[in-house]
Amino acid sequence: MNFAVYKQLKTFGRLFLSKFTGKKFLLSASFVITNRCNSRCGYCNTYNTPSEEMTTREIFQMIDEFSGLGIRRIGFTGGEPLLREDMGSIVSYAHQKGITTTLFSNGALVPKKIDGLKHLDLLLLSLDGPPEIHDTVRGMKGSFNHVQNAIHAAHEAQLPVWINAVITKGNVSQLPFLLDFAVDNQVKVMFMPVFDHTLSAAKDTIAHLSADEASFKGAINNLILQKKKGAPIVNSVSYFRYILQNWPDTNHLHCRAGMNFCAVGSDGMVYPCHFFVGSQCGANGRRLGFKNAFESIRTPKCKGCFCNAYIELNLFIAGHLNVIWNTVKHMEQRNSKKRTDKCSGEWK
Ligand code: SF4
Ligand code: SF4
Numbered sequence: 000m001n002f003a004v005y006k007q008l009k010t011f012g013r014l015f016l017s018k019f020t021g022k023k024f025l026l027s028a029s030f031v032i033t034n035r036c037n038s039r040c041g042y043c044n045t046y047n048t049p050s051e052e053m054t055t056r057e058i059f060q061m062i063d064e065f066s067g068l069g070i071r072r073i074g075f076t077g078g079e080p081l082l083r084e085d086m087g088s089i090v091s092y093a094h095q096k097g098i099t100t101t102l103f104s105n106g107a108l109v110p111k112k113i114d115g116l117k118h119l120d121l122l123l124l125s126l127d128g129p130p131e132i133h134d135t136v137r138g139m140k141g142s143f144n145h146v147q148n149a150i151h152a153a154h155e156a157q158l159p160v161w162i163n164a165v166i167t168k169g170n171v172s173q174l175p176f177l178l179d180f181a182v183d184n185q186v187k188v189m190f191m192p193v194f195d196h197t198l199s200a201a202k203d204t205i206a207h208l209s210a211d212e213a214s215f216k217g218a219i220n221n222l223i224l225q226k227k228k229g230a231p232i233v234n235s236v237s238y239f240r241y242i243l244q245n246w247p248d249t250n251h252l253h254c255r256a257g258m259n260f261c262a263v264g265s266d267g268m269v270y271p272c273h274f275f276v277g278s279q280c281g282a283n284g285r286r287l288g289f290k291n292a293f294e295s296i297r298t299p300k301c302k303g304c305f306c307n308a309y310i311e312l313n314l315f316i317a318g319h320l321n322v323i324w325n326t327v328k329h330m331e332q333r334n335s336k337k338r339t340d341k342c343s344g345e346w347k
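With the first letter of the sequence shown counted as 1, position 52 gets the number 51 in the working numbering; the numbers rise by one all the way through.
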């Protein structure tokens with residue numbers, strides 16, 4: 000058995016042990032490394048919420064402590080993470096510790112910063128539809144071109160790319176465009192509806208952005224169909240069924256936030272998940288130590304969410320075979336393609 004497979008099996012073992020014993024095991028963390036952003040998306044309030052940022056040394060300390068807990072993945076997000084000048088060295092530091100890294104970006108700074116990201120495992124780019132829609136949603140003309148240039152730069156650097164599309168009433172009819180875009184640009188795509196969560200800062204805006212039920216459900220059913228035909232869609236069929244069953248109301252499925260995953264704010268506060276960043280239920284990682292902060296947080300009472308990454312993880316831990324198979328398949332494909340070739344466009 001090779002070492003990578005052994006590590007994966009060990010992680011699955013720890014995860015399922017955690018589920019049955021109630022003992023925490025930190026698998027994954029998302030880190031809002033900065034709230035600063037160079038976009039102005041209609042459904043986001045992050046850029047309007049200035050926050051203190053940790054130093055490079057403090058971030059290395061956090062990585063050391065999470066590594067000691069056995070963490071396998073850190074997802075850098077924001078804001079726009081590439082606004083941090085030390086982003087490349089932070090990714091490389093996590094890589095040295097054997098941690099898989101992903102980075103969520105709007106793409107604008109990718110061509111300029113790509114040389115420093117040689118240890119990044121996966122680049123995630125936001126894309127909402129064709130140029131006129133994407134630029135409107137992002138509040139910045141030229142945003143669509145930024146995504147295309149970022150994909151081109153990532154391909155040159157042989158860095159795998161997934162695009163993330165938030166479904167709103169403005170783009171619900173454009174999901175076929177996004178699938179074609181993914182094939183033509185040799186990337187994968189994942190979807191998530193805009194939704195109102197427990198601490199949404201812009202509830203009215205979110206309600207205004209949601210697609211009507213018939214269009215939304217029709218679009219999701221079509222994604223299920225296309226996924227089964229082999230379209231390069233990252234989401235599992237179980238995720239799509241989950242949102243179909245619950246939409247428009249979120250549902251608190253048995254969530255492992257604070258048990259198997261957490262989120263860290265730019266100021267070093269540790270929270271159960273990304274949607275609680277800035278809330279009262281965080282623990283101060285810089286003061287308590289990040290290990291202790293993670294141990295002290297609890298799964299919050301919440302009305303649920305439709306976040307693709309969190310729902311997939313929860314369904315995975317709940318033992319949905321479809322999700323486990325989908326996750327393993329994408330992990331394998333990503334690892335085998337990493338720095339060797341691009342995602343294939345065999346589906347179209
Ligand atoms: S790019 Fe991301 S962080 Fe920046 S405004 Fe848009 S959604 Fe918010
Ligand atoms: S369901 Fe879980 S991941 Fe989603 S908002 Fe609630 S605590 Fe966070």
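Where a beta carbon is used, it is the ideal one built from N, C-alpha and C, also for glycine.
- For the pair arginine 83 and lysine 112, the Cα-to-Cα distance works out to about 10 Å.
- Distance from the C-beta of threonine 20 to the nearest heavy atom of ligand 1 is not below 7 Å.
- DSSP places proline 129 in the coil class of the three-state scheme, outside both helix and strand.
- Following the DSSP letters along the chain, one finds proline 192 inside the beta strand (DSSP E) bounded by residues 187-192.
- Taking a 10 Å sphere around the C-beta of aspartate 211, we find fewer than 16 other C-beta atoms and assign the residue as exposed.
- Excluding sequence positions up to five before and after serine 88, its CB lies within less than 8 Å of the CB of Thr55 and Gly115, all in the same chain and listed in chain order.
- Nearest in C-alpha terms to methionine 258, of all of Ile296, Gly288 and Gly229, is Ile296.
- Under the three-pair Cβ rule at 8 Å, the region 157-177 counts as touching the region 213-226.
- Below 8 Å, enough C-beta pairs join the region 264-273 and the region 21-37 to call them touching: three or more.
- DSSP places arginine 72 in the uninterrupted beta strand (DSSP E) bounded by 72-76.
- Following the DSSP letters along the chain, one finds asparagine 34 in no beta strand (DSSP E), marked with neither H nor E.
- Scanning its chain for C-beta atoms nearer than 8 Å, with the 5 sequence neighbours on each side dropped, one finds around serine 91 the residues Lys117 and His118, in chain order.
- By alpha-carbon distance to proline 49, the top candidate from Phe24, Gly229, Val276 and Thr100 is Val276.
- The beta-bridge partner set that DSSP reports for cysteine 261 consists of Ala28.
- Residue nearest to phenylalanine 215 within the set His253, Asn170, Cys272 and Val322 is Asn170 (criterion: CA-CA distance).
- Distances taken from the Cβ of alanine 256 to the heavy atoms of ligand 2 include one shorter than 7 Å.
- Here DSSP, grouped into helix, strand and coil, assigns phenylalanine 103 to strand.
- Of the other Cβ atoms in all chains shown, 16 or more fall within 10 Å of the Cβ of leucine 312; this residue is therefore buried.
- Pairing lysine 18 with isoleucine 310 gives a Cβ-Cβ distance that is not under 8 Å.
- Contact annotation: the region 280-291 touches the region 55-67, with at least three C-beta pairs closer than 8 Å.
- For tyrosine 270, the enclosing beta strand (DSSP E) begins and ends at 268-270.
- In this model, glycine 217 and tryptophan 246 are separated by some 12 Å (Cα to Cα).
- By a beta-carbon distance limit of 8 Å, arginine 285 does not contact glutamate 52. Their separation comes to about 11 Å.
- With a cut-off of 7 Å, the C-beta of tyrosine 241 is classified as distant from ligand 2, since no heavy atom of the ligand falls inside that distance.
- As DSSP reads the structure, asparagine 163 sits in a beta bridge with Ser125 and Met189.
- The beta-carbon distance between asparagine 105 and glutamate 131, rounded to whole angstroms, is 17 Å. This is too long to meet the 8 Å contact definition.
- The C-alpha of leucine 124 is placed about 13 Å away from the C-alpha of methionine 191.
- Relative to the non-hydrogen atoms of ligand 1, the Cβ of serine 50 never comes closer than 7 Å to any of them.
- In terms of Cα proximity to alanine 256, the closest of His133, His94, Thr100 and Lys300 is Lys300.
- Within the chosen limit of 7 Å, ligand 1 does not reach the beta carbon of serine 265 with any heavy atom.
- Around the Cβ of lysine 226, a 10 Å sphere holds 16 or more other Cβ atoms; the residue is buried.
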